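First comes the structure, then the notes that go with it.
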Amino acid sequence: MRWTELRLRGAYVIDVEPVYDERGFFARTWCSQEAEQRGLGFSAAQCSVSFNRRKGTLRGMHYQAEPHAEMKLVRCTRGAIYDVILDLRPDSATFMRWEAVELSSENRATLFIPQGMAHGFQTLADDTEVSYQISEHYVPASARAVRWNDPAFNILWPLPVSIMSSRDRERPLFRR
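Given below as structure tokens:
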């Protein structure tokens, strides 16, 4: 696996390093020892999947507040997504900054998202499926989100939004 740290401290893109033979290939997508070497104490409490029928679908920007803040491993297993993370850690040098990566079934990359970051994505293809491994159980009282188009963050999305939940569309603007 190749680990590439992003500008937002603690966030990584993890690329597979396939070993090919006549059957195809084999590759690791996660290694707890390699994560621990980077100070990432990740252990999955939940695994989830989302299926998104239409290109341009937007989900986000979601996170869980303390004491249930979560880390995530996100991988696109079918289609492609423009995956966005937003640093909401007030003590971080990159507070209120965002970064985006393309995850696809073609590149097989995984995004590691540390605690304190909001996460969302927009589909770049029809019939896109996204797999999540999450370090904490979902706690509705700790569920939070920021608005996908909040001018405080100025996130640039690649496509017009084709579908979004009314709940995500109506989130209030961010307040420090």
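Residues in the sequence shown are numbered consecutively from 941, following the numbering used here.
Backbone N, C-alpha and C define an ideal beta-carbon position, used for all residues, glycine too.
All of these numbers come straight from a predicted model, not from anything done at the bench.
Hey, out of the options, whose CA is closest to residue i's CA?
i     : options                       : result
H1059 : G979, E957, M1001 and A1065   : M1001
A1005 : W970, R1084 and G996          : R1084
L1043 : D1027, A951, I1021 and N1094  : I1021
S1102 : R999, D1023 and E962          : R999
F1052 : R994, E1010 and R1115         : E1010
P1112 : P1091, P1030, V956 and R1037  : P1091
S988  : D1108, Q1073 and V1086        : Q1073
D1023 : A1033, H1008 and T997         : T997
F991  : R1115, D1067, L1099 and I1095 : D1067
So the beta strand (DSSP E) residue i belongs to, where does it begin and stop?
i     : result
S1071 : T1068 to I1074
S990  : Q986 to N992
S959  : It is worth fixing the name first, because residue 959 is Val in this sequence and not Ser. Unbroken beta strand (DSSP E) run through V959: V959 to D961.
H1077 : H1077 -> no beta strand (DSSP E), and no H or E assigned at all.
G964  : G964 to F966
Look up residue i in the DSSP assignment and say whether it is helix, strand or coil.
i     : result
S1106 : helix
T997  : coil
D955  : strand
T1063 : strand
Along the chain, where does the alpha helix (DSSP H) containing residue i start, and where does it finish?
i     : result
E945  : Careful: E945 lies outside any alpha helix (DSSP H), inside the beta strand (DSSP E) at R942 to E945.
A1085 : That residue, A1085, is in no alpha helix (DSSP H); its beta strand (DSSP E) goes A1083 to A1085.
A1151 : With the chain covering 941 to 1116 only, the question about residue 1151 has no answer from this structure.
Taking all protein chains shown into account, do 16 or more other C-beta atoms lie within 10 angstroms of the C-beta of residue i, making it buried, or fewer, making it exposed?
i     : result
R942  : exposed
S1106 : exposed
D1027 : buried
R1015 : buried
G979  : exposed
G981  : exposed
Y1078 : exposed
Y960  : exposed
Are there any heavy atoms of the ligand MN lying less than 6 angstroms away from the beta-carbon of residue i, as far as the coordinates show?
i     : result
A1040 : With respect to small molecules bound, the structure shown includes none, and the ligand MN cannot be examined in it.
Practice problem: Can you check the stretch 1008-1061 for any beta strand (DSSP E) of at least 3 residues that lies completely inside it and give the ranges in chain order? | Solution: The beta strand (DSSP E) runs of length 3 or more contained entirely in the stretch 1008-1061 are, from start to end of the chain, 1012-1018, 1020-1027, 1038-1044 and 1050-1053.
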